[in-house]
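Chains as they are written, first to last, in this note's numbering: chain A, 194 to 470; chain B, 194 to 470; chain C, 194 to 470; chain D, 194 to 470. Note that beta-carbon positions come from the ideal geometry of N, C-alpha and C, so glycine has one too. One structure is given below, encoded as structure tokens.
There are 4 protein chains.
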Amino acid sequence: MISCPDKAGIVAALSTFLYENRGNIVDIDQHVDLEEGVFFMRVEWELEGFAIARDGIAAALAPLVDRFAMRWELHFSDIVPRVALFVTKDNHCFYDLLSRHESGELRMDIPLIVSNREDLKPVAERFGIPFRHFPITAATKEAQERAEIAMLREEKVDLVILARYMQILSPLMTEAFPNRIINIHHSFLPAFPGARPYHSAHKRGVKLVGATSHYVTEDLDEGPIIAQGVTPVSHSDSVQDFIRKGRALEQTVLSRAVWLHLNRRTLVHANRTIVFG
Amino acid sequence: MISCPDKAGIVAALSTFLYENRGNIVDIDQHVDLEEGVFFMRVEWELEGFAIARDGIAAALAPLVDRFAMRWELHFSDIVPRVALFVTKDNHCFYDLLSRHESGELRMDIPLIVSNREDLKPVAERFGIPFRHFPITAATKEAQERAEIAMLREEKVDLVILARYMQILSPLMTEAFPNRIINIHHSFLPAFPGARPYHSAHKRGVKLVGATSHYVTEDLDEGPIIAQGVTPVSHSDSVQDFIRKGRALEQTVLSRAVWLHLNRRTLVHANRTIVFG
Amino acid sequence: MISCPDKAGIVAALSTFLYENRGNIVDIDQHVDLEEGVFFMRVEWELEGFAIARDGIAAALAPLVDRFAMRWELHFSDIVPRVALFVTKDNHCFYDLLSRHESGELRMDIPLIVSNREDLKPVAERFGIPFRHFPITAATKEAQERAEIAMLREEKVDLVILARYMQILSPLMTEAFPNRIINIHHSFLPAFPGARPYHSAHKRGVKLVGATSHYVTEDLDEGPIIAQGVTPVSHSDSVQDFIRKGRALEQTVLSRAVWLHLNRRTLVHANRTIVFG
Amino acid sequence: MISCPDKAGIVAALSTFLYENRGNIVDIDQHVDLEEGVFFMRVEWELEGFAIARDGIAAALAPLVDRFAMRWELHFSDIVPRVALFVTKDNHCFYDLLSRHESGELRMDIPLIVSNREDLKPVAERFGIPFRHFPITAATKEAQERAEIAMLREEKVDLVILARYMQILSPLMTEAFPNRIINIHHSFLPAFPGARPYHSAHKRGVKLVGATSHYVTEDLDEGPIIAQGVTPVSHSDSVQDFIRKGRALEQTVLSRAVWLHLNRRTLVHANRTIVFG
Numbered sequence: 194m195i196s197c198p199d200k201a202g203i204v205a206a207l208s209t210f211l212y213e214n215r216g217n218i219v220d221i222d223q224h225v226d227l228e229e230g231v232f233f234m235r236v237e238w239e240l241e242g243f244a245i246a247r248d249g250i251a252a253a254l255a256p257l258v259d260r261f262a263m264r265w266e267l268h269f270s271d272i273v274p275r276v277a278l279f280v281t282k283d284n285h286c287f288y289d290l291l292s293r294h295e296s297g298e299l300r301m302d303i304p305l306i307v308s309n310r311e312d313l314k315p316v317a318e319r320f321g322i323p324f325r326h327f328p329i330t331a332a333t334k335e336a337q338e339r340a341e342i343a344m345l346r347e348e349k350v351d352l353v354i355l356a357r358y359m360q361i362l363s364p365l366m367t368e369a370f371p372n373r374i375i376n377i378h379h380s381f382l383p384a385f386p387g388a389r390p391y392h393s394a395h396k397r398g399v400k401l402v403g404a405t406s407h408y409v410t411e412d413l414d415e416g417p418i419i420a421q422g423v424t425p426v427s428h429s430d431s432v433q434d435f436i437r438k439g440r441a442l443e444q445t446v447l448s449r450a451v452w453l454h455l456n457r458r459t460l461v462h463a464n465r466t467i468v469f470g
Numbered sequence: 194m195i196s197c198p199d200k201a202g203i204v205a206a207l208s209t210f211l212y213e214n215r216g217n218i219v220d221i222d223q224h225v226d227l228e229e230g231v232f233f234m235r236v237e238w239e240l241e242g243f244a245i246a247r248d249g250i251a252a253a254l255a256p257l258v259d260r261f262a263m264r265w266e267l268h269f270s271d272i273v274p275r276v277a278l279f280v281t282k283d284n285h286c287f288y289d290l291l292s293r294h295e296s297g298e299l300r301m302d303i304p305l306i307v308s309n310r311e312d313l314k315p316v317a318e319r320f321g322i323p324f325r326h327f328p329i330t331a332a333t334k335e336a337q338e339r340a341e342i343a344m345l346r347e348e349k350v351d352l353v354i355l356a357r358y359m360q361i362l363s364p365l366m367t368e369a370f371p372n373r374i375i376n377i378h379h380s381f382l383p384a385f386p387g388a389r390p391y392h393s394a395h396k397r398g399v400k401l402v403g404a405t406s407h408y409v410t411e412d413l414d415e416g417p418i419i420a421q422g423v424t425p426v427s428h429s430d431s432v433q434d435f436i437r438k439g440r441a442l443e444q445t446v447l448s449r450a451v452w453l454h455l456n457r458r459t460l461v462h463a464n465r466t467i468v469f470g
Numbered sequence: 194m195i196s197c198p199d200k201a202g203i204v205a206a207l208s209t210f211l212y213e214n215r216g217n218i219v220d221i222d223q224h225v226d227l228e229e230g231v232f233f234m235r236v237e238w239e240l241e242g243f244a245i246a247r248d249g250i251a252a253a254l255a256p257l258v259d260r261f262a263m264r265w266e267l268h269f270s271d272i273v274p275r276v277a278l279f280v281t282k283d284n285h286c287f288y289d290l291l292s293r294h295e296s297g298e299l300r301m302d303i304p305l306i307v308s309n310r311e312d313l314k315p316v317a318e319r320f321g322i323p324f325r326h327f328p329i330t331a332a333t334k335e336a337q338e339r340a341e342i343a344m345l346r347e348e349k350v351d352l353v354i355l356a357r358y359m360q361i362l363s364p365l366m367t368e369a370f371p372n373r374i375i376n377i378h379h380s381f382l383p384a385f386p387g388a389r390p391y392h393s394a395h396k397r398g399v400k401l402v403g404a405t406s407h408y409v410t411e412d413l414d415e416g417p418i419i420a421q422g423v424t425p426v427s428h429s430d431s432v433q434d435f436i437r438k439g440r441a442l443e444q445t446v447l448s449r450a451v452w453l454h455l456n457r458r459t460l461v462h463a464n465r466t467i468v469f470g
Numbered sequence: 194m195i196s197c198p199d200k201a202g203i204v205a206a207l208s209t210f211l212y213e214n215r216g217n218i219v220d221i222d223q224h225v226d227l228e229e230g231v232f233f234m235r236v237e238w239e240l241e242g243f244a245i246a247r248d249g250i251a252a253a254l255a256p257l258v259d260r261f262a263m264r265w266e267l268h269f270s271d272i273v274p275r276v277a278l279f280v281t282k283d284n285h286c287f288y289d290l291l292s293r294h295e296s297g298e299l300r301m302d303i304p305l306i307v308s309n310r311e312d313l314k315p316v317a318e319r320f321g322i323p324f325r326h327f328p329i330t331a332a333t334k335e336a337q338e339r340a341e342i343a344m345l346r347e348e349k350v351d352l353v354i355l356a357r358y359m360q361i362l363s364p365l366m367t368e369a370f371p372n373r374i375i376n377i378h379h380s381f382l383p384a385f386p387g388a389r390p391y392h393s394a395h396k397r398g399v400k401l402v403g404a405t406s407h408y409v410t411e412d413l414d415e416g417p418i419i420a421q422g423v424t425p426v427s428h429s430d431s432v433q434d435f436i437r438k439g440r441a442l443e444q445t446v447l448s449r450a451v452w453l454h455l456n457r458r459t460l461v462h463a464n465r466t467i468v469f470g
């Protein structure tokens with residue numbers, strides 16, 4: 194995936210580079226941000242038959258990178274991302290991710306589960322995944338986050354998923370994993386940020402409740418949005434009904450966002466995502 | 194339609210009253226706000242064969258009203274509501290309401306169209322509806338609103354529809370027509386209140402855009418919500434695309450809200466609507 | 194829940210009966226099928242303080258039942274329904290129901306899981322629920338279904354959920370549990386009935402894929418529909434993408450239908466459901 | 194827009210051709226049908242500054258066309274498509290298209306309106322568009338369609354929109370305008386093809402009603418689907434409510450399909466559309 198200032202000839206240069214090296218293009222997508230004059234592209238090609246070895250691709254691309262002032266990322270689809278799940282006590286997104294992992298829909302390894310509570314330890318054990326308990330208080334937060342970061346690095350974790358993790362991450366964590374932490378917020382952001390969004394939505398009398406999956410940044414609930422969804426509610430629904438109806442929505446939206454990330458279909462620019470769906 | 198403190202026996206008393214007076218119930222709906230202990234009910238019955246004359250119903254209901262401390266409204270479905278449309282320059286909601294009026298879907302009389310500009314005068318003329326031009330500046334606003342209110346009263350207008358009317362109403366107007374002014378706001382409220390919501394939504398990078406129809410109160414974009422909808426957007430949509438995709442949504446949401454109001458299916462309590470859909 | 198020929202006075206009679214016996218109405222919903230002249234009602238009231246004992250209610254209602262030729266069902270919300278899950282190899286609906294059961298969203302006991310294969314036995318064991326393997330071939334089908342029915346009866350099962358169970362039930366089974374078997378079909382019925390609906394949908398080039406949850410009758414995929422949903426797809430989605438996108442939808446639609454049934458919010462009449470949502 | 198057998202080097206060749214001739218690419222989209230091995234591409238570039246004159250582009254492309262066995266179409270965005278609207282008596286889609294035309298959302302000229310009845314003649318006159326009445330009986334159908342085709346050709350019509358036109362077109366017409374006739378069908382195809390789909394949907398007890406816009410082919414309701422949508426319904430909705438709720442949906446789906454066609458974002462292959470949305 195590349196991004197660079199928009200300039201004539203990028204598609205031609207890159208597709209010619211691949212063609213001349215016998216790279217069979219499987220998928221190609223591009224987007225131009227006309228306001229900011231930035232060009233984005235995602236190209237997926239087969240390595241079988243490709244004339245350049247894996248570790249030589251960067252060097253071979255260097256002239257193009259220079260010519261167009263490209264920023265780029267290269268991912269190999271046979272390398273399975275390592276993911277840590279952060280949970281607290283709600284189990285619906287947690288089970289949903291585990292079942293999609295088990296069925297092969299979400300290609301990832303899950304070397305560890307992190308929680309500030311012990312409620313879901315039995316579920317982790319049921320699936321045979323190490324469960325790490327990091328209780329957090331205002332006093333211990335910084336130390337615990339440092340310990341978590343150390344553990345995530347040791348486990349070579351590529352992606353953190355907050356599956357209804359009910360702790361706000363400090364900048365320590367968000368800066369350690371930029372665009373690598375995915376959260377599910379149970380509202381249609383930017384409506385109802387912060388705590389207890391279903392309660393706020395009920396009080397406001399909305400006719401739809403939403404869910405938003407986004408990359409986590411230092412600014413709470415303000416990170417780049419990956420996926421959103423809504424479901425209808427009515428005056429006869431209590432807050433508990435909002436919560437119940439929202440659960441299936443949260444699962445749907447979070448699992449979609451995770452799939453998009455794992456399949457390298459998201460790019461972040463200017464606090465927005467480009468989703469090559 | 195009635196509302197009263199929740200108390201045992203309301204349904205029994207009211208349905209017995211109708212049964213004993215040979216009122217055939219066509220539709221009955223109730224809702225209890227458990228938090229606030231308020232009971233709401235909508236009963237629709239046929240006047241043909243009903244033992245009490247139209248103008249005697251209020252007196253006949255008086256004992257029940259006293260017993261349960263009821264607030265009530267009585268509407269006769271053969272009396273067609275009189276509606277004023279307020280427009281500015283966007284024509285999509287305007288045409289949509291006029292065509293639904295013409296086809297009989299929306300049962301209403303439209304004695305006048307009000308606008309702060311003259312752009313849509315030809316459309317009003319095409320449909321043979323009087324068009325009143327009230328240009329508004331900061332200096333003239335109060336006087337013009339007073340003139341509008343006088344005209345609305347003279348025309349015995351029951352409902353005002355802001356069909357993309359791009360002026361903020363002052364408390365003069367909102368207090369003159371409480372729960373009688375319906376607006377369409379082009380966002381999923383409470384997200385993106387105020388001006389240029391599609392621009393804000395684009396900047397925030399949302400994946401769905403919304404529309405909200407609500408009763409207008411003194412607090413801008415804070416009134417009771419009647420209907421909401423959303424439609425998907427992506428990174429490849431420009432602000433102009435948001436605006437285009439939003440148009441069909443605004444029509445759909447506004448016409449639904451107007452239909453609900455005209456068919457007396459909405460009740461307002463505590464800044465929320467009860468919609469007997 | 195009652196149904197009877199539509200006749201004046203039903204609401205009055207029933208609500209008066211409850212009021213006079215000090216039954217506090219929690220929820221009341223009614224529907225009249227105007228074409229067929231049938232009246233339907235769901236009333237929920239509190240037993241605490243009610244003047245009639247549980248086992249006396251039927252006798253006390255008898256005069257009303259006679260007068261209006263009512264058909265009625267009485268359910269006590271403190272009696273937890275007993276449910277059997279039928280599965281084959283897809284795990285997404287299975288896990289979803291188990292996690293909603295675990296969280297308390299779905300109030301049911303699950304005394305057994307039935308499958309024609311052994312793939313999901315480890316999941317059942319993980320949750321500590323007895324797993325019964327009934328392999329089925331054309332030759333053994335009748336005998337196996339009889340054995341299943343015997344076991345379901347022995348376990349006093351109230352409801353059977355086909356959570357992507359990939360066997361067609363014979364009339365033996367559907368007649369043994371009328372309006373007591375809920376299936377999830379992975380299309381927007383009546384489009385794409387039968388096998389491999391995502392393949393058919395892909396071939397037809399639809400722009401939305403659907404899921405339908407319905408009561409199972411003798412006629413395959415023709416039973417009364419409880420809930421439906423759709424999700425957008427595009428030309429760039431393969432059949433595998435349809436299947437993936439459909440999974441979250443199937444979970445959402447099935448769990449909603451099961452919740453409605455368990456909370457006694459569905460009535461069946463003339464192959465359609467009345468859903469008091 | 195091009196389609197051709199999938200083969201390495203197409204993107205490289207075409208983008209290099211444009212780059213070398215100073216064609217600034219505004220938008221590029223491609224799709225590979227892996228099952229059938231067909232490659233599809235839509236490229237939009239600016240003519241300003243392009244080295245080749247309009248009428249020379251075909252010749253300049255010839256070598257590429259030969260090399261890749263391309264089928265291609267070339268459209269100039271400053272040439273406004275000429276469109277005929279076919280209507281019968283329902284006015285909602287008709288008004289909707291006329292208002293989007295008036296606001297500039299739909300860039301098209303409308304030289305004529307065709308109808309088998311005279312109900313909507315006053316609307317056409319209101320907009321100052323010639324209205325042609327072609328009454329049709331079984332006996333006159335062929336002659337009338339021949340007359341319509343002659344008139345459409347004389348007016349150089351590029352696209353025919355059936356805006357709730359309630360006559361089935363014969364192969365005479367569908368063959369005269371292949372992939373140039375857009376219909377709106379008021380169901381979620383392939384569910385409920387043919388006449389009175391809302392009645393059938395009501396009888397079946399579905400929980401969502403749909404609308405489908407498609408290119409018209411010889412096989413009724415079987416043509417390539419361009420856009421689809423759904424809206425929720427319940428047991429309390431009558432057939433008339435289905436019809437009412439469906440109207441806004443039909444408008445939304447039809448206007449979206451027309452916009453996609455007018456902006457040359459649709460390609461047809463194997464009875465499916467590729468929609469470069």
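Query	Result
Partner residues on chain E for residue 437 of chain D, Cβ-Cβ distance less than 8 Å	Included in the structure are the protein chains A, B, C and D, with no chain E among them.
Three-way DSSP call (helix, strand, coil) for residue 292 of chain A in this model	helix
Residue 443 of chain D classed as buried or exposed, judged by whether at least 16 other C-beta atoms fall within 10 angstroms	buried
Cutoff 7 Å; reference residue 391 of chain A; Cβ partners in own chain excluding five residues on either side	379, 402, 432, 435, 436, 439
Length at least 3, wholly inside the stretch 205-248 of chain A: the beta strand (DSSP E) runs in chain order	218-226, 231-238
Residues that residue 239 of chain C contacts on chain A, provided the C-beta gap is smaller than 8 Å	Going along chain A, no residue has its Cβ under 8 Å from residue 239 of chain C, so there is no contact; the nearest lies around 17 Å.
Spatially closest choice to residue 411 of chain B from B:424, B:425, B:361, by CA coordinates	B:361
Exposed unless 16 or more other CB atoms sit within 10 angstroms - verdict on residue 145 of chain D	Lying outside 194 to 470, the shown extent of chain D, residue 145 of chain D is not represented and no answer is given.
Beta-carbon gap between residue 382 of chain B and residue 338 of chain B smaller than 8 Å	no
According to DSSP, residues forming a beta bridge with residue 408 of chain A	A:375
Residues, ordered as in the chain, of the stretch 277-292 of chain D that lie near chain B by beta-carbon distance below 9 Å	283, 284, 285, 287, 288, 289, 291, 292
Cβ neighbours of residue 350 of chain B in the same chain (closer than 6 Å, five flanking residues each side left out)	275, 277
Beta carbon proximity, residue 217 of chain B to chain C, threshold 8 Å	yes
Nearest neighbour of residue 299 of chain B, chosen from B:464, B:448, B:212, B:469 [CA to CA]	B:448
As assigned by DSSP and simplified to three states, the class of residue 420 of chain A	strand
Residue 419 of chain D, buried or exposed, once every other Cβ within 10 Å from all chains shown has been counted against 16	buried
C-beta neighbour in chain C for residue 380 of chain A, strict 8 Å	no
Spatial neighbours of residue 234 of chain B in its chain, beta-carbon cut-off 6 Å, leaving aside the 5 residues before and after	195, 223
Residue 372 of chain A beta carbon less than 8 Å from that of residue 461 of chain A	yes
Min CB distance residue 421 of chain A to chain D below 8 Å	no
Identified DSSP bridge partners for residue 465 of chain B	B:462
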